[in-house]
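Colleague: In numbering that gives the first Met the number 0, the protein residues as written are 0 to 257.
One structure coming up, written as structure tokens, with questions to follow.
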Amino acid sequence: MTTLNPDEEALAQARQAVHAASRIAVLTGAGVSAESGVPTFRDAQSGLWASFKPEDLATEDAFRSHPERVWNWYAERRSRLQHVQPNAGHVALADFQQRHPGRLTLITQNVDGLHQRAGSTDVLALHGSIADDRWLDPCALARRPQDACSVTVAQPGQPPQCAECGNLLRPDVVWFGEMLPAEALRAAEYAALRCQVMLVVGTSGAVYPAAGLAHTARQAGAQVWVLNPHPSELDEVAHGFLRGPAAEYLPLIFGEDD
Ligand code: OAD
């Protein structure tokens, strides 16, 4: 008889829990894209917030006072994303969703679009999408509140502007102090309340309300697993840990039965 080491034991338990559940929720953060080459935010050396201050780049105030600086930082990140690919972790989740329609709700804090590019559908993107833009303000010339600006002019290195009222386009991401997209958050909360198993992957658990979904799931009776090579703020919520990289462990958890 072979004895499993603690890691193999945890993997086997997580895999069993996932495969036995009919309602699974997966909450991902930047770590799920780390092995695609996308930097995380809070990793000590390589995280974006080790080199940049969030208040200079990820707030509405920062954009209003220095629109070029913020626009160009996002433009640079957008451009880098064109050269990265979904990794085996994104693919394992997407393949599972395709094999088991309706069974897994994928909730992400990531704005990189890699889950969607791997083939995941109905991704609840709580922090928006870096590939998209939206207007900063309602159109100053519109007669009705729902009318948006329409004509944009763009100068290199500047955010595109409305040619008529001067309104600016901004990245369609959630900045600090902003509300999350209401529909995505509502659907994520519903999934957290109903799931039997929640897997929390590659997030420090430092940002709410996203991190609160793990607490919601636990309080509602779900089995909660954390997949992260390092300790996270959500470890206290977890029934079990998987201390490894997402691109390696997700295929082991969600792959086909042999
Ligand atoms: P963080 O940078 O805070 O956390 C990333 C987590 O990924 C850390 O806990 C790492 O240990 C873990 N990690 C690193 N490599 C990994 C790997 N290969 N496999 C699995 N995990 C790995 O990123 P988030 O928790 O996603 O918000 O950050 C949450 C939010 O804070 C982001 O969405 C962003 C940021 O400010 C907005 O932009 C609104």
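Glycine included, every Cβ here is placed at the ideal spot set by N, Cα and C.
These figures come from a predicted structure and were not determined experimentally.
1) Going by DSSP, what residue range makes up the beta strand (DSSP E) through G239?
2) Smallest Cα separation from A237: which of L140, Q84, D55 and T215?
3) Hey, how far is the Cα of W134 from the Cα of C148?
4) Tell me whether the beta-carbon of A124 lies closer than 8 Å to the beta-carbon of A183.
5) According to DSSP, W224 sits in a beta bridge with which residue or residues?
6) To the nearest angstrom, how far is it from the Cα of D261 to the Cα of L168?
7) In whole angstroms, what is the alpha-carbon distance linking Q96 and V196?
8) Consult DSSP for T120 and reduce its assignment to one of helix, strand or coil.
9) Please report the straight-line C-alpha distance between R185 and A43, rounded to a whole angstrom.
10) Are the CB atoms of G28 and N109 nearer to each other than 8 Å?
11) If we call anything under 8 Å between Cβ atoms a contact, is T104 one with A24?
12) Buried or exposed: V31, going by 16 or more other Cβ atoms within 10 Å of its Cβ?
13) For the segment 52-93, list the alpha helix (DSSP H) runs that are entirely contained and at least 4 residues long, ordered along the chain.
14) When you measure from the CB of S203 to every non-hydrogen atom of the ligand OAD, does any distance come out below 7 Å?
Modeller: Considering the structure as presented:
1) The count along the sequence shown starts at 1 and reaches residue 239 at position 240. It spans G239 to L241 - the beta strand (DSSP E) in which G239 sits, taken as one unbroken run.
2) In the sequence shown, the residue the question calls residue 237 occupies position 238. Selected option, being the one with the closest Cα: T215.
3) For the purposes of this step, residue 134 is identified with residue 135 of the sequence shown, where counting begins at 1. For the purposes of this step, residue 148 is identified with residue 149 of the sequence shown, where counting begins at 1. Approximately 8 Å, taken between the alpha carbons.
4) Here residue 124 refers to the residue found at position 125 of the sequence shown. Here residue 183 refers to the residue found at position 184 of the sequence shown. Yes. Within cutoff.
5) Sequence index remark: in the sequence shown, residue 224 carries index 225 (1-based). Answer is L198 and G239, bridged to W224.
6) Absent from the model: residue 261. The displayed extent of the chain is 0 to 257, so no value can be given.
7) As a first step, residue 96 must be located in the sequence shown, where it is residue number 97. As a first step, residue 196 must be located in the sequence shown, where it is residue number 197. Cα-Cα distance, rounded: 15 Å.
8) For the purposes of this step, residue 120 is identified with residue 121 of the sequence shown, where counting begins at 1. Of the three classes helix, strand and coil, the one that applies to T120 here is coil, per DSSP.
9) Within the sequence shown, residue 185 is the residue found at index 186, counting from 1. Within the sequence shown, residue 43 is the residue found at index 44, counting from 1. For R185 and A43, the distance between alpha carbons rounds to 32 Å.
10) Here residue 28 refers to the residue found at position 29 of the sequence shown. Here residue 109 refers to the residue found at position 110 of the sequence shown. With respect to N109, G28 sits close: the two C-beta atoms are nearer than 8 Å.
11) To locate residue 104, count along the sequence shown from 1; it is residue 105. To locate residue 24, count along the sequence shown from 1; it is residue 25. In contact: T104 and A24 (Cβ atoms closer than 8 Å).
12) In the sequence shown, counting from the first residue as 1, residue 31 sits at position 32. So V31 counts as buried.
13) 53-56, 59-64 and 66-80
14) Position 204 of the sequence shown holds residue 203. Result yes, Cβ under 7 Å from the ligand OAD.
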